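Here the structure comes first, spelled out in structure tokens, and everything after it is commentary.
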Amino acid sequence: MPGARKTRKKNETGETIITLEGVSKWFGDFQALRDINLTVDKGERVVVCGPSGSGKSTMIRCINRLENHQRGRIVVDGIELTDNLKNIEAVRREVGMVFQSFNLFPHMRVIDNLALAPMLVRQMPKKDAEEMALGYLRRVQIEEQAYKYPGQLSGGQQQRVAIARSLCMQPRIMLFDEPTSALDPEMIKEVLDVMVELAEDGMTMVVVTHEMGFARTVANRVIFMDDAEIVEIAPPETFFSKPKSDRTKLFLSQILTH
Amino acid sequence: MTDTTAPIAAPPRAEGQADTDQPRSRQQPPPTEKIAVLRWMKENLFASPGNTLLTIILGAALIYWVPAFIKWGFIDAIWYTPDPEVCRQSDGACWAVVAEKHRPMLFGLYPYEEHWRLVVALAVYLGSFTITLIRRFWHWQILVPLWTVAIAVISTMLWGGVFGLTFVETSQWGGLPLTMVLFSGTVVLGFPIAILLALGRRSHLPLIKATSVTIIESLRGVPLITILFVAVNVFPLALPDGLEFDKLVRVMVGMAIFFACYQAEVIRGGLQAIPRGQYEAAESLGLSYWQMTTRIILPQALRIALPGIMNHIIAALKNTSFVLIIGLFDILTATTAVMQDPLWRRWFVEAYLFVAAVYFFFCYVLSKYSQQVERWLSEGRRF
Ligand SMILES: Nc1ncnc2c1ncn2[C@@H]1O[C@H](COP(=O)(O)OP(=O)(O)OP(=O)(O)O)[C@@H](O)[C@H]1O
Ligand SMILES: [Mg+2]
């Protein structure tokens, strides 16, 4: 979308950290992504929205190679994603991901969930890893749950643990795939608060969400996807008040009226 | 709007609180034992005419057989005598045959004067085994040295040839120690193979997947006896001249692979139950395939598959008795051989009941233990 490109707002540093160039992906014969072009700057917060099945999850899952793209180029923090396992592992060390369904490891205590990857991937000594884990748990305000199992926590607590677990790898980029969609309304806020705080600390974030309040206050840019492609990219002010495309207007009218 | 019912409104609820403080005041006494027993009988024994008929028939059979068995097995039984004539005079069981023949039954062809070595080996084995089962000792720092020492002692005792102990060939090993060696060897060798086969079958690499599927499907379709025959009689022919493997090793490998093929499918069932999100979370944290598999996937999959896994481990214990047909003297074969003795052969029932009791003891311990492990593993978690 040439129009969308022009509205892209550079942030202060202007240093690009994620680049998607002409990315396409198919599941069998079904095209899930069509010629996606997107660059994300360091420290930028991007919110992705769009109807169900439009390819939002597929796009952000391509960024840490949980899905492989078949055409185009994806470069994350200077590393191009190819079949090269070394590159994939390097990118995954830099990119944290938070899922709709939390995906905590149910057979480990919360603290072990957090300390595992730093110990295995970064070879951090156990003591340091656990200390750091407690630090991040404190940051998401559930330090007192450290020695419980995930199954003993509420949904909101589990999602905060999941965010803390990703942060323990000290990623430069965080991806969120509908982090609050599986939560009861009263728990959504506690998770969003953590995300807002993360944004204030300058984390680069790509967030798939339908929380338009979050998009308005936190996002530098909002991306609207429909039918496997990016339809519109705009700063939140213009995106919500003067959307260009009819598809965006229709979508906004649907989600903002209820 | 819900303010009136909110728990903060303490004073009006004083009465209700008294209620929770003394919960017994409004409770009814439980129904008396007698009525409960009658109800249980009605529900479980006499629920329908067919059910009632079955209860009467089985009840009659029990009333007929149980006293007869107690009379035979305990009241009239001869517990100990070196003289078969005494047993011949009696109508009861002749447990004396077990007392008389227990050494060749338990230890097979192993040289008689060296039997003490087997007692030591068995004691070390059962001791180490018991320690291994206790959760408090589940640390590598304990179990690895324990089994290193245990295996060293057990092999020294069984083989000999050092410290002035006479050397005993594996073909002379027999009885319970042989059963124990075969069982442990099968499980210890077979379990890692089972895990690899199960992982291989789910691999994305076509060659690995095809190999695993071929091994599992072809060997599962063959009876264990055939595999043992191949291991003992065919395999040596296929080897180049001069290369030889001990028969016991060949049998053990055959049993281990057979065990692994069944166990692999049980483990695969566990693997299939792991949600995709677990893999994705592990991958997105940067864990490698083996880190993810050993730390995240397998611990959960093995726990889910535990009942089936224990089932096959118990079956492996009983399958050791198949070595009967290839001339190894495990406890069952040894007993069969011993019972050829014309003086004592008419009391073979007692001898086999004894062997059955030995098998039952070990199988029962294993199955009770597996239930306990399931309880441990589900502590403090809901998944
Ligand atoms: N593994 C897969 N195999 C086949 N088709 C898939 C697969 N994953 C996704 N798809 C399809 O690709 C399309 C895009 O899926 P995606 O999950 O990216 O949508 P989404 O925008 O995240 O939707 P939602 O809001 O429902 O999460 C959908 O039509 C989906 O059915
Ligand atoms: Mg999605």
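If you read the protein sequences in the order shown, they are chains A and B.
Numbering-wise, the numbering used here puts 191 at position 191 of the first sequence, and it's gapless, one number per residue.
Numbering-wise, the numbering used here puts 586 at position 328 of the second sequence, and it's gapless, one number per residue.
All C-beta atoms in this analysis are idealised placements derived from N, C-alpha and C, irrespective of residue type, glycine included.
These numbers were taken from a predicted model, which means no experiment stands behind them.
Any non-hydrogen atom of ligand 1 closer than 7 Å to residue i Cβ
i	result
Thr578(B)	no
Glu178(A)	yes
Under 8 Å between C-beta atoms of residue i and residue j
i	j	result
Ile173(A)	Ile18(A)	yes
Gln158(A)	Pro179(A)	no
Val269(A)	Ile74(A)	Since the first residue shown for chain A is 1 and the last is 258, residue 269(A) is missing from the structure and cannot be characterised.
Leu624(B)	Ile572(B)	yes
Ala563(B)	Gly512(B)	no
Leu447(B)	Ser470(B)	no
Pro150(A)	Pro106(A)	yes
Val110(A)	Lys148(A)	yes
Val196(A)	Val48(A)	no
Leu256(A)	Met203(A)	no
Trp330(B)	Ala351(B)	yes
Thr248(A)	Phe224(A)	yes
Ile584(B)	Val490(B)	yes
Thr424(B)	Glu372(B)	yes
Pro118(A)	Phe251(A)	no
Leu436(B)	Gly366(B)	yes
Val161(A)	Leu104(A)	yes
Ile36(A)	Leu175(A)	no
Leu477(B)	Ile515(B)	yes
Ala518(B)	Ala452(B)	yes
Trp548(B)	Glu358(B)	no
Val76(A)	Pro171(A)	no
Gly432(B)	Met510(B)	no
Met187(A)	Ser166(A)	no
Boundaries (first-last residue) of the beta strand (DSSP E) holding residue i
i	result
Cys49(A)	45 to 49
Ala234(A)	229 to 234
Val23(A)	16 to 27
Leu175(A)	173 to 177
Leu33(A)	30 to 41
Thr204(A)	204 to 208
Gly155(A)	Where Gly155(A) is concerned, there is no enclosing beta strand (DSSP E), although the alpha helix (DSSP H) it sits in stretches over 155 to 167.
Boundaries of the alpha helix (DSSP H) in which residue i is found, first to last residue
i	result
Lys148(A)	First-last for Lys148(A): undefined, no H or E at that position.
Gly135(A)	126 to 139
Asp193(A)	185 to 200
His570(B)	556 to 577
Asp112(A)	110 to 121
Gln549(B)	547 to 550
Lys626(B)	606 to 635
Ala522(B)	505 to 530
Lys329(B)	Unbroken run through Lys329(B): none, as it is neither H nor E.
Gln399(B)	398 to 417
Gln347(B)	342 to 347
Gly535(B)	534 to 542
Ser470(B)	464 to 478
His373(B)	373 to 391
Residue i beta carbon near ligand 2 (any heavy atom closer than 7 Å)
i	result
Val654(B)	This structure cannot settle anything about residue 654(B), because the visible part of chain B is limited to 259 through 641.
Val208(A)	yes
Residue i - partner residues in DSSP beta bridges
i	result
Gly433(B)	Asp588(B)
Ile336(B)	Cys352(B)
Glu222(A)	The amino acid occupying residue 222(A) in the given sequence is Val; Glu does not appear at that position. Val222(A) is bridged to Val47(A), Ala234(A).
Glu80(A)	Val75(A)
Gly96(A)	Met174(A)
With a cut-off of 5 Å, give the chain-ordered residues whose Cβ is closer than this to any heavy atom of ligand 1. Counting every residue whose Cβ lies closer than 5 Å to a heavy atom of ligand 1, we get Phe27(A), Ala32(A), Ser52(A), Gly53(A), Ser54(A), Gly55(A), Lys56(A), Ser57(A), Thr58(A).
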